[in-house]
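Residue numbers (my numbering), protein chains in the order written: chain P, 6 to 260; chain Z, 6 to 260; chain X, 6 to 260.
Glycine included, C-beta positions come from ideal geometry on N, C-alpha and C.
Computed from a predicted structure; not experimentally measured.
Report on the structure given below.
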């Protein structure tokens with residue numbers, strides 16, 4: 006368990022399993038039954054809660070927290086709720102400084118989770134996706150492979166994002182069209198669906214339940230109040246279909 | 006003071022007072038005269054600065070900082086400024102991972118302060134309010150009870166938010182109509198006033214000093230340049246009054 | 006090296022050089038060849054990576070990280086890339102709680118970097134500039150002196166911001182007009198240029214490569230799709246030139 010690669014101040018549970026060459030920084034906490042693969046480097050003050058599974062070649066930066074349990078009041082009657090599976094991170098991924106990954110979250114291989122990003126429970130992130138600095142992915146969301154979610158983009162709970170999607174900085178989504186009122190809202194509650202190879206411009210806003218179809222482009226600052234059709238550019242407040250996406254920009258054409 | 010519920014690496018000041026059943030994580034710092042009530046659970050690397058008062062049943066997550074003093078230059082002549090009262094957190098509240106709560110801040114009971122939220126000095130937050138992930142509440146702001154401030158919403162300094170207000174993700178406010186120029190601005194400096202049961206949609210922007218009246222609704226992406234009238238829906242850039250709020254959505258009707 | 010001003014749990018490399026009166030909090034890590042000037046105060050859990058240079062009178066708050074190396078896959082063939090120079094922070098500056106400053110970043114004197122701000126590699130920040138709470142400054146960006154970047158403002162990579170610029174809360178910028186497609190984008194890739202004394206209103210969005218000229222004002226929520234002319238107010242989506250900036254607000258007139 007111990008070696009000269011593990012800082013003397015690190016607290017590693019005796020029932021954690023670290024590959025022999027793992028490097029562990031100062032003041033790190035590694036809980037019970039955590040597994041860390043070969044070649045991983047764990048920064049100072051990182052926290053790996055019990056059960057967390059880290060693949061090989063992963064870099065985890067200072068102050069990152071993995072395997073956080075969702076927050077419920079300390080005295081809540083629901084603390085006996087169904088236990089989530091451990092958080093897992095695939096091979097050769099990177100977890101940034103101060104990032105928070107919840108228990109019940111599955112992150113693929115070669116994923117970059119940048120500084121101060123938060124990823125909630127029951128989220129999956131596909132291989133080679135970039136989760137930018139400060140991005141928040143709320144619970145019960147799936148994000149495909151090779152997506153790029155840029156700085157401070159926000160994916161609300163119950164969002165679906167397919168493969169090869171581009172989400173520019175500061176894009177906002179929402180899932181409650183009634184903003185907290187009426188019983189009816191509960192049946193209509195839902196995040197956006199963003200289909201394969203769609204792209205959303207900087208500062209775009211997507212209303213609850215809207216679908217952005219394959220290869221659609223949403224312009225900078227656009228407010229998407231209706232479903233956005235495939236392969237078209239949608240601009241304005243509210244957004245309107247304006248023209249076809251330039252053929253050389255289509256993923257289908259190798260763009 | 007010490008018990009097997011307190012991690013061996015935690016640094017607890019001898020003049021702090023923790024209820025006997027409090028759990029304290031690894032590498033926690035608890036300062037002088039801090040008081041922590043029964044049933045609290047404090048995560049790893051949390052910092053409770055001197056004097057901080059925590060009620061009963063509070064959960065404080067990893068890396069949270071409570072009781073931070075406002076920043077002034079280390080050599081500033083004003084470091085002898087009036088001392089703020091300690092930060093206080095009411096019973097059964099939750100403080101998320103990496104959240105920062107300043108000295109001079111009063112948080113009610115059953116409040117959720119989610120991950121990476123920051124709450125500045127001279128702020129009050131009413132009971133059962135949710136302060137979402139990444140929300141920033143600047144200094145000298147009051148937030149009522151049962152409000153919901155969603156992910157990354159931003160309340161500028163000198164804002165007033167009454168009870169039962171809903172603020173969707175990414176809502177922005179501001180308080181300086183002159184953007185840092187002229188002496189005249191100092192007399193007109195002021196945040197928004199958001200009256201009881203008002204609701205602001207995702208990505209809405211509110212200009213300095215504007216009032217959002219009771220039960221008003223601001224649409225997604227709207228830019229509020231004038232006061233928004235009660236019980237009306239306001240849409241667009243700049244926002245205009247467009248229709249009455251649906252009666253079943255009014256809080257007054259049990260919506 | 007050690008003194009009663011250095012917390013007993015702090016880990017200070019024997020080849021770090023701290024002025025005799027520096028205060029160091031609990032669980033701090035200070036790496037090899039770090040230099041810290043007279044009168045500095047370093048909060049709990051702060052991390053100063055190897056080589057970081059801190060001037061005199063600097064306050065570094067809890068959980069701040071300075072000198073972080075950019076993230077590359079742990080097993081990447083490019084980890085032998087050119088080494089960046091150490092991070093440096095000028096006299097009397099302040100670094101907030103949870104802020105992250107990368108290696109290769111130069112911060113001037115009397116700068117405030119507020120809580121949870123992140124500043125990437127090859128960034129310069131001029132004297133007396135305020136980098137607000139949650140602000141992200143991406144790599145290869147220069148920010149002048151006496152600027153004010155307010156809460157959650159976002160500067161994309163390869164941005165240029167001259168002196169005395171005001172950037173309101175939540176302003177967004179971008180640098181890839183092709184949103185990740187085509188080879189042609191690589192030659193047109195570029196952040197905004199924001200000239201001296203320009204001001205951007207709350208929630209404004211700036212498209213890739215646009216120039217905001219001297220003393221220009223961009224209105225709240227405006228989307229800047231074309232270059233913005235000097236000394237004019239630009240409003241709307243997309244933004245249009247509407248009137249001259251009021252003379253008393255011009256910096257040239259002492260505004």
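| Asked | Found |
| --- | --- |
| Alpha helix (DSSP H) segment containing residue 237 (chain P), residue limits | Looking at the DSSP string, residue 237 (chain P) is not in any alpha helix (DSSP H); the run it does join, the beta strand (DSSP E), is 237-240. |
| Cβ contact check for the region 51-59 of chain P and the region 59-69 of chain X: 3 or more pairs under 8 Å | no |
| Residue environment, residue 186 (chain Z), which counts as buried when at least 16 other CB atoms sit within 10 Å | buried |
| Whole-angstrom distance between residue 108 (chain Z) and residue 74 (chain Z), CA atom to CA atom | 6 Å |
| Burial state of residue 192 (chain P), where buried means 16 or more other Cβ atoms lie within 10 Å | exposed |
| For residue 73 (chain P), three-class secondary structure by DSSP | strand |
| For residue 61 (chain X), the nearest candidate out of X:89, X:22 and X:11 (CA to CA) | X:22 |
| Nearest to residue 87 (chain X) (by Cα), restricted to the options X:234, X:228 and X:126 | X:126 |
| Residue-level contact to chain P via CB, residue 23 (chain X), 8 Å cutoff | no |
| Short-range partners of chain X found in the region 30-63 of chain Z, where Cβ spacing is below 7 Å | 32, 34, 50 and 52 |
| Opposing strand residues paired with residue 53 (chain Z) [DSSP bridges] | Z:35 and Z:71 |
| Buried or exposed by the 16-neighbour rule on C-beta atoms within 10 Å, applied to residue 155 (chain P) | buried |
| is_contact[residue 171 (chain Z), chain P] using C-beta, thresh 8 Å | yes |
| Inter-residue Cα distance where the pair is residue 174 (chain Z) and residue 9 (chain X) | 46 Å |
| Host beta strand (DSSP E) of residue 248 (chain P) (start-end) | 245-249 |
| Close-in-space but distant-in-sequence residues of the same chain around residue 136 (chain P) (CB under 6 Å, 5 per side omitted) | 118, 122 and 154 |
| Contacting positions in the region 225-246 of chain P - beta carbon closer than 8 Å to chain X | 225, 226, 241 and 242 |
| Inter-stretch contact at 8 Å, needing at least 3 Cβ pairs: the region 40-49 of chain Z / the region 208-223 of chain X | no |
| beta-carbon residue 48 (chain X) near the ligand ATP non-hydrogen atom, thresh 7 Å | Ligands are entirely absent from the displayed structure, and the ligand ATP is therefore not among its contents. |
| 8 Å contact criterion, which residue 237 (chain P) and residue 249 (chain P) should meet: CB distance rounded | 6 Å |
| Proximal residues, the region 110-142 of chain Z versus chain P, C-beta separation under 8 Å | 115, 117, 119, 120, 121, 138 and 139 |
| Presumed contact (8 Å Cβ cut-off) between residue 148 (chain P) and residue 131 (chain P), rounded CB distance | 6 Å |
| Residue 259 (chain P) classed as buried or exposed, judged by whether at least 16 other C-beta atoms fall within 10 angstroms | exposed |
| Minimum C-alpha distance to residue 234 (chain P) - residue among P:226, P:218, P:240 and P:28 | P:218 |
| Proximal chain B residues relative to residue 148 (chain X), where beta-carbon distance stays under 7 Å | In the structure shown, chain B cannot be found, because the protein chains are P, Z and X. |
| Cα-Cα separation, residue 5 (chain Z) to residue 20 (chain P) | There is no way to answer for residue 5 (chain Z), as the model of chain Z reaches only from 6 to 260. |
| Nonlocal neighbours in the same chain, by C-beta distance under 6 Å from residue 100 (chain P), ignoring five residues either side | 65, 69 and 118 |
| Chain X within 8 Å of residue 18 (chain Z), Cβ atoms only | no |
| Residue-chain proximity (residue 253 (chain X), chain Z), Cβ-Cβ < 8 Å | yes |
| Contact set for residue 171 (chain X): own chain, Cβ-Cβ below 6 Å, skip 5 residues either direction | 153 and 204 |
| Residue environment, residue 24 (chain Z), which counts as buried when at least 16 other CB atoms sit within 10 Å | exposed |
| Cβ of residue 11 (chain X) within 8 Å of any chain Z Cβ | no |
| Listed by chain order, chain X residues near residue 197 (chain P) by CB distance under 7 Å | Under the 7 Å cutoff, chain X gives no residues; its nearest Cβ is about 17 Å from residue 197 (chain P). |
| CB contact below 8 Å: residue 205 (chain P) versus chain Z | no |
| Any chain X beta carbon closer than 8 Å to residue 82 (chain Z) | Only weak support is given to the placement of residue 82 (chain Z): the predicted model assigns it a pLDDT of 46, under 50, and the question is left unresolved by the model. |
| Within chain X, partners of residue 101 (chain Z) - CB distance below 7 Å | Residues of chain X passing the Cβ test: none, with the nearest at roughly 12 Å. |
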